[in-house]
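A quick write-up on the structure given underneath.
Residue numbers (the UniProt record's numbering): 1 to 459.
In structure tokens, the structure reads:
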């Protein structure tokens, strides 16, 4: 048996207000679906009703009625003074995730979605896709399976990375189906169920979900400690551990580690023999001219798995990611891949080659878009919600805001008004940053104004 913390419980119920009927019925339906879908597993102890009521911004009686109805239907077992537990006769199995990616779905019609910073396709992408017909003829004589990616893309990507401060040979690259796929492969390369990984706090929620699903524990290290003398307190006495971090544009805070801190981080990694899974998915999306810096070339490639993607610069619908490491590691990853998805699609890789020819243009387009969006979003937030503090950012698609109140409760208020938000706890391995929000900066003025007015009027 384990206890579901309130932050995870609220994440799992994301969108519960969309169900038809009374509030208590909507809550009942949502919890039942979570149990039927194994998101609330057999024997799971639910949070106290008073915590649920507070977090969802509903009356205690509403929660009590939903729980009693669920008990009558065989979903829960209620014990006076001990709360509610999921009954084994209803839950079909166990789901070990934490619901951090529940907001990465299409929002219902009429709902304003501020819960994700994922960008629409760039103009460069739409132009290339409209005017490009990849030549597949040379590949028809092959079986079409290239586990590490087609040589043409690996050579083009190696050149792009080398031009941007990451010296790379084609043999050091493995093409994946997006960065999330790359992250999963990297975790499987170095971690096993029951292991512990050092992880920045806060960090990318997709990685936290992947680690949770694989049964890997996280040891949180404050982002502020990375590359400083404080890091030694966490790494001291350890050897051969694994650290997941983002030295370049960080998701969710949008910060970039200084040259001094990146150098210091590399020194600590070398001293303590720490292997590093580094995510540089957003390194193209800086508000300045240059891309974000990474650890590549500062630590041995054998101890470094660098993850990237073309989704941020071009489009998320183009599922092209990559891992850069030593040739030996890439060889092992390639062999492991053969038992899962075999190889990435050739067609999309040929499109990616064409897009990389326009990378400089795409980066300029994204920078202008995000700079304008940052200025617009910060102005609206400051005017409509002046009590919110916007932290400085260097890049990325979002801003990191301290609301100075419980953000999970705030998100529930906003959801009732038809606006989806992403509380800071979604991005924290320790369920910290309870007063923070990750807020997108690319929405147009009309949606931004309407959504922020709804939030301001709901709290």
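Beta carbons: idealized from backbone N, C-alpha and C, even for Gly.
Taking all protein chains shown into account, residue 438 has 16 or more neighbouring C-beta atoms within 10 Å of its C-beta and is therefore buried.
When the five nearest sequence neighbours on each side are left out, the beta carbons in the same chain lying within less than 7 angstroms of the beta carbon of residue 182 are those of 176, 307, 321, 322 and 323, in order along the chain. The alpha carbon of residue 116 has as its nearest neighbour, out of 72, 204 and 40, the alpha carbon of 204. For residue 418 and residue 15, the gap between their C-alpha atoms comes out near 10 angstroms. The closest CA to that of residue 282, considering only 257, 311, 261 and 259, is found on 311.
By the C-beta criterion, the stretch 44-61 is judged to be in contact with the stretch 396-412, since at least 3 inter-stretch pairs fall below 8 angstroms. The straight-line gap separating the alpha-carbon atoms of residue 399 and residue 125 is approximately 25 angstroms. With contacts defined as CB atoms closer than 8 angstroms, residue 350 and residue 114 fail to qualify as a contacting pair. The beta-bridge partner set that DSSP reports for residue 200 consists of 221. Taking all protein chains shown into account, residue 156 has 16 or more neighbouring C-beta atoms within 10 Å of its C-beta and is therefore buried. With contacts defined by Cβ atoms closer than 8 angstroms, residue 363 and residue 284 form a contacting pair.
The stretch 354-371 makes no contact with the stretch 401-409: fewer than 3 CB pairs, one atom from each, lie closer than 8 angstroms.
Collapsing the DSSP output to three states places residue 86 in a strand. Between residue 286 and residue 394 a beta carbon distance of about 6 angstroms is seen, short of the 8 angstroms cut, so the two are scored as contacting.
Secondary structure at residue 413: helix, using DSSP grouped into helix, strand and coil. Secondary structure of residue 79 (DSSP, three-state): strand. No Cβ-Cβ contact shorter than 8 angstroms links residue 217 with residue 201. Per DSSP, the unbroken alpha helix (DSSP H) holding residue 372 starts and ends at 359-384. The C-beta distance from residue 28 to residue 70 rounds to 6 angstroms, short enough to meet the 8 angstroms contact threshold. Residue nearest to residue 194 within the set 187, 211 and 215 is 215 (criterion: CA-CA distance).
Residue 265: member of the alpha helix (DSSP H) spanning 259-271, first to last residue.
The bridge partners DSSP lists for residue 162 come to none.
Along the stretch 276-359, the beta strand (DSSP E) occurs as fully enclosed runs of 3 or more residues at 304-309 and 321-324, listed in sequence order.
An exposed status is given to residue 382, since fewer than 16 other beta-carbon atoms sit within 10 Å of its beta-carbon.
By the criterion of a C-beta distance shorter than 6 angstroms, residue 356 is surrounded in its chain by 156 and 160, once the five residues flanking it on both sides are discounted. Looking at the DSSP output, residue 422 shares a beta bridge with 438.
Judged by DSSP in its simplified three-state form, residue 402 adopts strand. For residue 244, the uninterrupted beta strand (DSSP E) run begins and ends at 242-245, by DSSP. Within a 10 Å sphere around the beta-carbon of residue 288 sit fewer than 16 other beta-carbons, which makes this residue exposed. Cα atoms of residue 199 and residue 429: separation of roughly 7 angstroms, rounded to the nearest angstrom.
Residue 173 is bridged by DSSP to 324.
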